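K.L.:
Structure incoming, see below.
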Amino acid sequence: MTTMDLIGKVMQAVVGLAAFGVAMALLLAFLDRPDDKPLLKGFAALKRGMRPRLIIIGAFALIAILARLLYGAVPWMTQGMTNLLIIVGLAGIGVVLLQWALDRLLQPAPPAVRSAVLRGIGAVLAIVVAIVAQSAESVPALDWITPALAVSGLIVALPLAGALVLTAGIAFVRQPIRRNARLLVWLVAAAAVVVITLVLESQRDEPIGVWTWAAAAALSVIGVLGYLADRDEDSKPMLVFLMPAAVLLTIGLVYPAIRTALLAFTDKTGTFNGLDNFIWMFSQREALITLGNTIAWVILVPLVSTAVGLAYAVFIDKSRGEKVYKMLVFMPMAISFVGAGIIWKFMYSYRGAEQEQIGLVNQLIVMVGGEPQQILQNSPWNTLALIIVMIWIQTGFAMVVLSAAIKGVPTEQLEAAEIDGANPWQRFRNVTVPGIRSSLVVVVTTISIATLKVFDIVRTMTAGNFDTSVVANEMYTQAFRSGEPGRGAALALILFIMVLPIVVYNIRVLNQQKAIR
Numbered sequence: 001m002t003t004m005d006l007i008g009k010v011m012q013a014v015v016g017l018a019a020f021g022v023a024m025a026l027l028l029a030f031l032d033r034p035d036d037k038p039l040l041k042g043f044a045a046l047k048r049g050m051r052p053r054l055i056i057i058g059a060f061a062l063i064a065i066l067a068r069l070l071y072g073a074v075p076w077m078t079q080g081m082t083n084l085l086i087i088v089g090l091a092g093i094g095v096v097l098l099q100w101a102l103d104r105l106l107q108p109a110p111p112a113v114r115s116a117v118l119r120g121i122g123a124v125l126a127i128v129v130a131i132v133a134q135s136a137e138s139v140p141a142l143d144w145i146t147p148a149l150a151v152s153g154l155i156v157a158l159p160l161a162g163a164l165v166l167t168a169g170i171a172f173v174r175q176p177i178r179r180n181a182r183l184l185v186w187l188v189a190a191a192a193v194v195v196i197t198l199v200l201e202s203q204r205d206e207p208i209g210v211w212t213w214a215a216a217a218a219l220s221v222i223g224v225l226g227y228l229a230d231r232d233e234d235s236k237p238m239l240v241f242l243m244p245a246a247v248l249l250t251i252g253l254v255y256p257a258i259r260t261a262l263l264a265f266t267d268k269t270g271t272f273n274g275l276d277n278f279i280w281m282f283s284q285r286e287a288l289i290t291l292g293n294t295i296a297w298v299i300l301v302p303l304v305s306t307a308v309g310l311a312y313a314v315f316i317d318k319s320r321g322e323k324v325y326k327m328l329v330f331m332p333m334a335i336s337f338v339g340a341g342i343i344w345k346f347m348y349s350y351r352g353a354e355q356e357q358i359g360l361v362n363q364l365i366v367m368v369g370g371e372p373q374q375i376l377q378n379s380p381w382n383t384l385a386l387i388i389v390m391i392w393i394q395t396g397f398a399m400v401v402l403s404a405a406i407k408g409v410p411t412e413q414l415e416a417a418e419i420d421g422a423n424p425w426q427r428f429r430n431v432t433v434p435g436i437r438s439s440l441v442v443v444v445t446t447i448s449i450a451t452l453k454v455f456d457i458v459r460t461m462t463a464g465n466f467d468t469s470v471v472a473n474e475m476y477t478q479a480f481r482s483g484e485p486g487r488g489a490a491l492a493l494i495l496f497i498m499v500l501p502i503v504v505y506n507i508r509v510l511n512q513q514k515a516i517r
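Going by the UniProt record's numbering, the final residue of the sequence shown carries number 517, and the count climbs one at a time with no gaps.
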């Protein structure tokens with residue numbers, strides 16, 4: 001791919017996301033809540049006079065005109081992108097005019113009726129979009145609609161229409177709509193878009209595209225933002241700025257997670273194979289060794305790193321040269337995992353007994369009268385050798401965090417314990433450790449998560465050979481080396497399940513500490 005092609009792809013993504021954001025903002029402005037307050041305060045101007053409406057109409061007209069002028073003039077403006085921007089511009093003009101007309105006609109009506117009517121009209125428009133998308137191939141006047149765009153429009157329009165009809169009915173029957181009900185409706189609509197997309201993609205030779213996933217993300221964000229805005233009126237401006245990030249995170253994080261979870265139940269051809277990948281994981285020797293190695297890493301690295309870091313922080317606390325000692329231990333944190341792997345691979349390097357050793361470890365063994373060992377090939381000690389590298393890196397992190405926490409322990413408590421006759425060990429166990437408990441939890445959980453995801457060290461030093469593989473490395477090997485993406489996805493799912501309890505526990509402990517304070 002050339003530089004110009006890359007720039008073109010980036011420009012398409014930027015323009016597409018901008019148009020998508022404008023469309024979603026219009027949707028939020030159009031779908032007033034039952035209390036007649038717009039979800040986004042920035043669009044309240046749509047309800048005050050004709051002048052702001054004319055400005056917004058001009059802006060959308062400019063979008064459509066620029067899209068038409070740029071088509072053919074710049075290489076990255078494709079026909080599909082041009083059509084999308086023109087649709088956004090015309091839809092924006094139509095929505096503003098329609099809202100102005102309905103505002104005049106429905107002014108005497110109660111807020112619940114106004115909200116129900118607006119949502120009902122939105123549902124009708126969504127159905128019209130679905131009909132147009134369905135008829136695109138057979139109507140010559142609609143030949144500018146590409147097949148992918150038509151399928152995307154159909155997929156998004158139907159769940160959107162259903163969500164609008166449901167919220168319109170709820171708004172008409174009861175006022176106001178309970179925020180839980182509205183959130184559920186939008187999340188169900190987003191889930192429907194995802195399910196329909198997956199079903200249709202499995203029946204098509206080519207992918208539908210990213211727009212349906214973006215729409216599913218937007219529907220989810222609409223529901224969440226409405227839910228949060230109902231809870232806190234002051235949070236609306238914050239939610240406006242969070243919306244783009246929330247949409248992008250949903251597209252870039254939630255969507256891949258869902259696809260990975262689904263991929264875990266398929267074989268190398270993409271055919272559903274049930275639990276075969278998980279059966280392989282818990283029945284084959286190499287997979288069981290991988291899981292066992294991962295468990296050993298998760299047990300040893302956090303415990304040893306935290307213990308050594310804590311001991312070091314206690315011993316050098318308030319000592320002369322404390323900053324220098326901390327710097328020496330913390331320096332490995334500045335080295336990448338790949339760099340650390342290369343360094344320690346040289347340290348474990350092996351040569352025959354008759355040759356001079358270049359590896360530091362084997363040189364020390366020879367100096368004390370031992371035989372040089374192939375450390376990275378002798379199982380299970382090779383796994384322990386890799387674990388030592390991770391401990392070497394993470395000890396500095398544990399030391400810095402715990403040293404700062406120790407300095408935060410009140411001196412009065414330590415002095416009171418000393419007056420009561422407590423020896424140094426008792427003061428440490430009964431005063432210092434309880435005072436730094438939250439920091440200990442953060443250190444252990446952070447190192448545990450980093451250990452579960454370790455890949456670079458194993459890949460650099462042994463590539464997972466000689467029974468040293470871990471889940472992250474095996475995931476890469478199966479997905480990209482062995483041509484088994486389903487097994488790789490299953491390992492990724494297991495890795496997520498292993499990380500999740502650690503994260504939940506960390507959040508729970510931090511919340512408890514916050515409540516105590």
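From the three backbone atoms N, C-alpha and C, an ideal C-beta is built for every residue, glycine too.
All values derive from a computational prediction rather than experimental measurement.
Taking the alpha-carbon of I494 as reference, which of K514, Q512 and L452 has the nearest alpha-carbon?
P.N.:
Residue L452 is the option with its Cα nearest to I494.
K.L.:
With distances taken from CA atoms, which of A257, L510 and D456 is nearest I497?
P.N.:
Of A257, L510 and D456, the residue nearest in Cα terms is A257.
K.L.:
First and last residue of the alpha helix (DSSP H) that includes P71?
P.N.:
At residue 71 the sequence reads Tyr, which differs from the Pro that was named. No alpha helix (DSSP H) contains Y71, which DSSP labels as neither H nor E.
K.L.:
To the nearest angstrom, report how far apart I65 and A73 are at their CA atoms.
P.N.:
Roughly 13 Å separates the two Cα atoms.
K.L.:
Give me the residue from A161, L154 and G153 with the minimum Cα distance to G122.
P.N.:
For the residues A161, L154 and G153, the minimum Cα distance to G122 belongs to A161.
K.L.:
Do the CB positions of G120 and V165 come within less than 9 Å of each other?
P.N.:
Yes; because the gap between Cβ atoms is below 9 Å, this pair is in contact.
K.L.:
Checking 9 Å against the spacing of the C-beta atoms, do F455 and S305 come in under that value?
P.N.:
Their beta carbons are not under 9 Å apart, which means F455 does not touch S305 by this criterion.
K.L.:
In the structure shown, what three-state DSSP assignment does F466 receive?
P.N.:
The answer is coil: DSSP assigns F466 none of H, G, I, E or B.
K.L.:
Whole angstroms is fine: what's the gap from I507's alpha carbon to G435's?
P.N.:
Taking the straight line joining both Cα atoms gives about 18 Å.
K.L.:
If you run the structure through DSSP and keep just helix, strand and coil, what is F315?
P.N.:
It is helical.
K.L.:
Pull up the distance between the alpha-carbon of L440 and that of L402, whole angstroms please.
P.N.:
Computed Cα separation, rounded: 7 Å.
K.L.:
Under three-state DSSP, which class holds F455?
P.N.:
Three-state result, F455: coil.
K.L.:
Could you say if the region 370-385 and the region 466-474 meet the contact criterion of at least three C-beta pairs nearer than 8 Å?
P.N.:
Because the criterion of three Cβ pairs below 8 Å is met, the region 370-385 and the region 466-474 touch.
K.L.:
Out of curiosity, what's the CA-to-CA distance linking residue 519 and A215?
P.N.:
The shown model of the chain, from 1 to 517, leaves out residue 519, and the question about it has no answer.
K.L.:
So what's residue 519 in DSSP terms, helix, strand or just coil?
P.N.:
This structure cannot settle anything about residue 519, because the visible part of the chain is limited to 1 through 517.
K.L.:
Within the chosen definition, does the region 426-433 reach the region 400-416 through at least 3 CB pairs nearer than 8 Å?
P.N.:
With the cut-off at 8 Å, the region 426-433 and the region 400-416 touch.
K.L.:
Nearest by alpha-carbon distance to S220: which of A264, E484, A189 and P244 is it?
P.N.:
Among A264, E484, A189 and P244, the Cα nearest to that of S220 is on A189.
K.L.:
Are the Cβ atoms of T260 and A489 separated by less than 9 Å?
P.N.:
Yes, Cβ-Cβ distance for T260 and A489 is below 9 Å.
K.L.:
Please report the distance separating the alpha-carbon of V194 from that of V224.
P.N.:
Their Cα atoms are separated by approximately 17 Å.
K.L.:
Please report the straight-line C-alpha distance between I342 and I375, rounded to a whole angstrom.
P.N.:
Cα to Cα, I342 sits roughly 14 Å from I375.
K.L.:
With Y325 as the anchor, note down where its alpha helix (DSSP H) starts and where it stops.
P.N.:
It spans E322 to F330 - the alpha helix (DSSP H) in which Y325 sits, taken as one unbroken run.
K.L.:
Pull up the distance between the alpha-carbon of F282 and that of E412, whole angstroms please.
P.N.:
Taking the straight line from one Cα to the other gives about 54 Å.
K.L.:
Let me check understanding here. Comparing Cα to Cα, which of M461, A479, V117 and V124 lies closest to M347?
P.N.:
The shortest Cα separation from M347 among M461, A479, V117 and V124 belongs to M461.
K.L.:
Check F272 in the structure and name its three-state DSSP category.
P.N.:
Looking at F272 - three-state DSSP - the assignment turns out to be strand.
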